[in-house]
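Undergrad:
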Amino acid sequence: NAGVTQTPKFRVLKTGQSMTLLCAQDMNHEYMYWYRQDPGMGLRLIHYSVGEGTTAKGEVPDGYNVSRLKKQNFLLGLESAAPSQTSVYFCASSQTSNYGYTFGSGTRLTVV
Amino acid sequence: GESVGLHLPTLSVQEGDNSIINCAYSNSASDYFIWYKQESGKGPQFIIDIRSNMDKRQGQRVTVLLNKTVKHLSLQIAATQPGDSAVYFCAETDSGNTPLVFGKGTRLSVIA
Chain S
2 NAGVTQTPKF RVLKTGQSMT LLCAQDMNHE YMYWYRQDPG MGLRLIHYSV
52 GEGTTAKGEV PDGYNVSRLK KQNFLLGLES AAPSQTSVYF CASSQTSNYG
102 YTFGSGTRLT VV
Chain G
4 GESVGLHLPT LSVQEGDNSI INCAYSNSAS DYFIWYKQES GKGPQFIIDI
54 RSNMDKRQGQ RVTVLLNKTV KHLSLQIAAT QPGDSAVYFC AETDSGNTPL
104 VFGKGTRLSV IA
């Protein structure tokens, strides 16, 4: 049972490049989330999904897009990367919104 | 993972002592609370949760206390061990579909 798997684990982008971060969960969870983590800022919610085909904005959605075409996958896209998007990105999933989330191991993204 | 947790409040305890990590929340409607542990380079790991109809819940070596009157949550770790060294986050949500909101974290450092 892999839980939540994030790919890639590390990536360096040049300003203006695009990329997609993939999150996959094998627990049949309805809810999925993308958070970013910056020093001293804790975890901030970017976007989330309450089920297949749905997405919603979180606290810091600007510069990101998401898609949930399949229940098990939640994609986070950066269309034109900026240095301010340098961060560690965590995906999580849960069966309901008010039950413990399972987190992936993170993607460390550096934009130069 | 080393850059995560800079400028965080830090609690230093002697191995074998008890640790108490505190968290204040602001949303009176929050009714579900979780503590997470994050080790360097890893994703947050669920420790223990509590709902608002309780004021105390115990796990293995950990206890969470909830004081709704002053909107305060605490995590107590008994007989702290070197393996408990990590950043600890509290998180909260309400009964709707609102995702978890995380605090900024506290770094626990165990002195052997």
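Note that the protein sequences, when read in sequence, are chains S and G. According to the working numbering, the first sequence is numbered sequentially starting from 2. According to the working numbering, the second sequence is numbered sequentially starting from 4. All C-beta atoms, glycine included, are put in the ideal place defined by N, C-alpha and C.
Would Gly62 (chain G) count as contacting chain S if we go by Cβ distances under 8 Å?
TA: Gly62 (chain G) does not count as touching chain S.
Undergrad: So is Leu14 (chain S) in contact with chain G if we call contact Cβ pairs under 8 Å?
TA: no
Undergrad: Let me check you understand the geometry: is the CB of Leu69 (chain G) closer than 7 Å to at least one non-hydrogen atom of the ligand SAM?
TA: As presented, the structure is devoid of all ligands, the ligand SAM included, so that no description of it is given.
Undergrad: Suppose contacts are defined by Cβ-Cβ distances below 8 Å. Is Asn21 (chain G) in contact with Thr83 (chain G) by that definition?
TA: yes
Undergrad: Taking only the alpha-carbon atoms, compute the straight-line gap between Phe104 (chain S) and His75 (chain G) and give it to the nearest angstrom.
TA: 25 Å
Undergrad: Quick one, which residues of the region 98 to 112 of chain S are near chain G if we go by CB-CB under 9 Å, in chain order?
TA: Ser98, Asn99, Tyr100, Gly101, Tyr102, Thr103, Phe104, Gly105, Ser106, Gly107, Arg109
Undergrad: Mind listing, in chain order, the continuous beta strand (DSSP E) runs of no fewer than 3 residues lying wholly within the region 87 to 111 of chain G?
TA: 89 to 96
Undergrad: Under 8 Å: do the region 74 to 89 of chain S and the region 79 to 99 of chain G share three or more Cβ pairs, one atom per stretch?
TA: Too few Cβ pairs lie closer than 8 Å, so no.
Undergrad: List the residues that DSSP assigns as beta-bridge partners of Lys58 (chain S).
TA: S:His48
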